[in-house]
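Colleague: Per full-length UniProt numbering, residue 1 is the first one in the sequence shown, and the count goes up by one each step.
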Amino acid sequence: MSHIDEATYKKLYPLRFYKDGKTGVFWDVEDYPIPDGLDPASIYQSIKEAVKKHGCDAEVTIHAYADDNTFSDELRRQFSDGGFKFEVSTAEGGKYAIHCAMYADIMIWTLENPTPSNLVVLANIMEDDIGEGIGCLTTVWFYGVLLSQAKPKWRLPVGSAPSFLTSIFDGGEEIFSGSSQDNVSGS
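1) Within 8 angstroms, do at least three Cβ pairs link the segment 100-115 to the segment 131-150?
2) Is it right to say S89 is buried, meaning 16 or more other beta carbons lie within 10 angstroms of its own, or is it exposed?
3) Within its chain, find whatever has a CB closer than 6 angstroms to the CB of V29; leave out the 5 residues flanking it on each side and keep chain order.
4) Does Q45 pass the burial test, meaning 16 or more other C-beta atoms within 10 Å, or should it be called exposed?
5) List the whole-angstrom C-beta distance separating I62 from H99, where the pair is believed to meet the contact cut-off of C-beta under 8 angstroms.
6) Inspect the beta-carbon positions of D57 and A123 and report whether they are closer than 7 angstroms.
7) Which one or two residues does DSSP pair with K22 in a beta bridge?
8) Residue range of the alpha helix (DSSP H) that F79 falls in?
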């Protein structure tokens, strides 16, 4: 997989987002913090609207992750009150511990939400074991997967990059920007 051109890669790993499928969003809020002037409740609504704008009317669940040392009790309350399933990591291991917890929750979510379903992972994942595991969800199990950052060897769809982040903050206009826009129904 190391030296194929982008067109071939897009054919092998098309971007899928299932209109009839449930969507699980898993967000490391330290990797992608809320911009100034916005709050957790407004971001929660923006994420749901970004998914809905593309015809996905099924349930959207949003999980947020942070390190216990960096979030105040007030901010935790705001996330919980805003609708997020908020997970605070107290484990040693820093970023890797957060991403492992996120990955475990993603796997549990996929067991509870079989295909056709969608995953949105907003995290600066650098660990190959986690990235390749998420990649298997799209190439083997046929989930629609949008990842904010990916390495080519993870075999994730081209176009599943930062455009979703932009869509959260501007009303959902760019979720499939630069991708194959391969929206498929969940039949």
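The beta carbon of each residue, even a glycine, is placed where N, CA and C say it ideally should be. Just so we're clear, the structure is a prediction, and the values are computed from it rather than from any experiment.
Modeller: This is what the structure gives:
1) yes
2) Taking the sequence shown and counting its residues from 1, the one referred to as residue 89 is at position 89. Buried, because 16 or more other Cβ atoms sit within 10 Å of the Cβ of S89.
3) In the sequence shown, the residue the question calls residue 29 occupies position 29. Within the same chain, V29 has close Cβ partners A64 and A66.
4) Taking the sequence shown and counting its residues from 1, the one referred to as residue 45 is at position 45. Counting Cβ neighbours within 10 Å, Q45 comes out exposed, since fewer than 16 surround it.
5) By one-based count along the sequence shown, residue 62 stands at place 62. By one-based count along the sequence shown, residue 99 stands at place 99. Incorrect: roughly 17 angstroms between the Cβ atoms, too far for contact.
6) For the purposes of this step, residue 57 is taken as the residue at position 57 of the sequence shown. For the purposes of this step, residue 123 is taken as the residue at position 123 of the sequence shown. For D57 and A123, no; Cβs fall outside 7 angstroms.
7) Along the sequence shown, read from residue 1 onward, the residue named residue 22 stands at position 22. For K22, which the question treats as bridged, DSSP gives no partner whatsoever.
8) Within the sequence shown, the letter at position 79 stands for residue 79. Residues D73 to D81.
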